[in-house]
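Trainee: The sequence shown lines up with residues 15 to 411 when you count with my numbering. All C-beta atoms, glycine included, are put in the ideal place defined by N, C-alpha and C. Note that the structure is predicted; figures quoted are calculated from it, not measured. Sharing a structure with you now.
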Amino acid sequence: MPTKQKRWFGAEMTLISIIMFFVEFVRGAVLVSLLPIYGAKTLGLSPDVIGVAISAHYITDTLLKIAIGYLLDRFSMRLIVQVGLFISLIGVYLLQFADLPWMFIGAAAIYGIGMSPIWIVCLTKVTEGQRGTQMGFLYTIWFVGLGSGPIVCNILLDYSSSFTYTLLVSLSVLACLLSMFMSKQRAQKRERMPIREQLGVLRSRMSQMKLLLPGMILQTMGASMLVPILPAFAENRLGITGTQYSVLLTVGGACAAAGLIPMGKLSDKLGGRKWFLVFGFGFFAFALYMLAWGLPFWYCLLIAVALGLSYASVLPSWNALLAAYVPPKQEGLGWGILSTVEGVGVMIGPVAGGLLATWNGETTVVWFSAALFGLIGLFYLWFPFHALRAGGTATNK
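Have a look at this one:
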């Protein structure tokens, strides 16, 4: 175990974590700030068009997860990550020229192509003994990058859009350059299973977890519905300035990032996932419900804290639960398929959120998302976790 811990926090994972930070920084800036704010204020696009662009990003990202997971089991991790990051760099670069809706959507779709490899590489390197802790570490890196991107982008867009684009393109180039120092090894070194046998094992695992599939889709759908409408909701419903919006993002993101590793360790220590999911989704729903009332800024700060901590309680436990269904010898393909199932909700969510906002305003989207998370919390309260098996052993209580 000490050897595994040393390897996990060694040079290879440090490099991959840094690359992931830059990738998620740019992704957060593009999805949460650049597409909604630039699309609405500069291009004059409606929320439904912005929602389609964000969904286009997630569609290409999600549809490629299975293929990338399969390739990671057969080719060099460095090669797959480099190709993906280069394609994403092209997408980021094209966004500054996307002055027409179809170009706007197309650039977002191209940008989504290269997002899958780096995350799946991280998932394949997580060890079983400390999965909750290590997932907490990974999600901390991911969340700090994803959260700081829109905060910085919001500030820079007020002063210079050209400098903002230059920064995002430069960070994308830096991520590509850093990927050149990655290991050439494949995601796993064991003898490969025939594809027919791999698909048979995966079908068996998917059959075992079929009751979890609706929750996988609905929870990502509920979160992604908020992405295209958050800036407009903050301005129109909450009546807060861009700086105050950045403060809310900072507080919520900091609480989530600070809570991920402790929650992961606590999940490992207690050996159960159910109550982390039940209370996490339940408090998330309640916090969104309160936010929809348009409370004053200081109340919104408390709500941001609740949202961040709720998110931190859910993520490590949820991914540790999913890990029980990733077959050995095919980690890349397994995580690719599971990520694709989760991505179905992310593909649907932004379009649904944009359409709801166009039809009845941004507040309706927040109400709907809160209701979804409340139902998901009740679902996990009912769900028979004792029936779930991982290698013949119950994974939850």
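State the Cα-Cα distance for the pair C314 and F295, rounded to the nearest angstrom.
Mentor: 18 angstroms
Trainee: Can you list the alpha helix (DSSP H) stretches of 4 or more residues lying completely in the region 222-293, in chain order?
Mentor: Here the runs fully enclosed are 227-238, 244-250 and 256-284.
Trainee: Cutting at 6 angstroms between CB atoms, please list the residues of its own chain near G363, excluding the five before and the five after it.
Mentor: M235, S238 and M239
Trainee: Taking C-alpha atoms, which residue in L262, A246, I155 and Q96 lies nearest to D190?
Mentor: Note that residue 190 corresponds to Cys in the displayed sequence, not to Asp. Ranking the options by Cα distance to C190, first place goes to Q96.
Trainee: Could you please give the first and the last residue of the uninterrupted alpha helix (DSSP H) stretch that includes E393?
Mentor: Looking at the sequence provided, one finds Phe at residue 393 rather than Glu. Counting along the chain, the alpha helix (DSSP H) containing F393 begins and ends at E376 to W396.
Trainee: Under 8 angstroms Cβ to Cβ from V319, same chain only, skipping five residues before and after it: list those, please.
Mentor: V265, G266 and C269
Trainee: Count the other CB atoms, across all protein chains shown, that sit within 10 Å of the CB of T28; report buried if there are 16 or more and exposed otherwise.
Mentor: exposed
Trainee: Work out the CA separation of I132 and L99 for me, nearest whole Å.
Mentor: 9 angstroms
Trainee: Measure the C-alpha to C-alpha separation of S47 and I119 and round it to an integer number of angstroms.
Mentor: Pairing S47 with I119, the inter-Cα distance amounts to about 15 angstroms.
Trainee: Using the Cβ count rule (16 or more neighbours within 10 Å means buried), how would you classify R88?
Mentor: exposed
Trainee: Report yes if the C-beta of W312 is less than 7 angstroms from at least one heavy atom of the ligand NAP; otherwise report no.
Mentor: Within the structure as shown, the ligand NAP is missing, as the structure has no ligands at all.
Trainee: Tell me whether the region 179-188 and the region 304-313 touch, counting them as touching only if at least three CB pairs, one residue from each stretch, are closer than 8 angstroms.
Mentor: no
Trainee: Are G126 and D62 closer than 8 angstroms when you measure CB to CB?
Mentor: no
Trainee: Considering Cα atoms alone, identify which of L291, L244 and I104 is closest to Y259.
Mentor: L244
Trainee: Compute the Euclidean distance between the alpha carbons of Q233 and G391, then round it to the nearest angstrom.
Mentor: 10 angstroms
Trainee: Throw me the rounded Cβ distance for the F293 and S327 pair, which I believe falls under 8 angstroms.
Mentor: 7 angstroms
Trainee: From I104 to G53, what does the alpha carbon distance come to, in whole angstroms?
Mentor: 19 angstroms
Trainee: Expressed to the nearest angstrom, what Euclidean distance is found between the alpha-carbon atoms of L321 and S130?
Mentor: 26 angstroms
Trainee: Grouping DSSP H, G and I as helix and E and B as strand, with all else coil, what is Y173?
Mentor: coil
Trainee: State the DSSP-derived secondary structure class of L57, mapped to helix, strand or coil.
Mentor: coil
Trainee: Does the distance from the C-beta atom of F35 to that of I155 stay below 8 angstroms?
Mentor: yes
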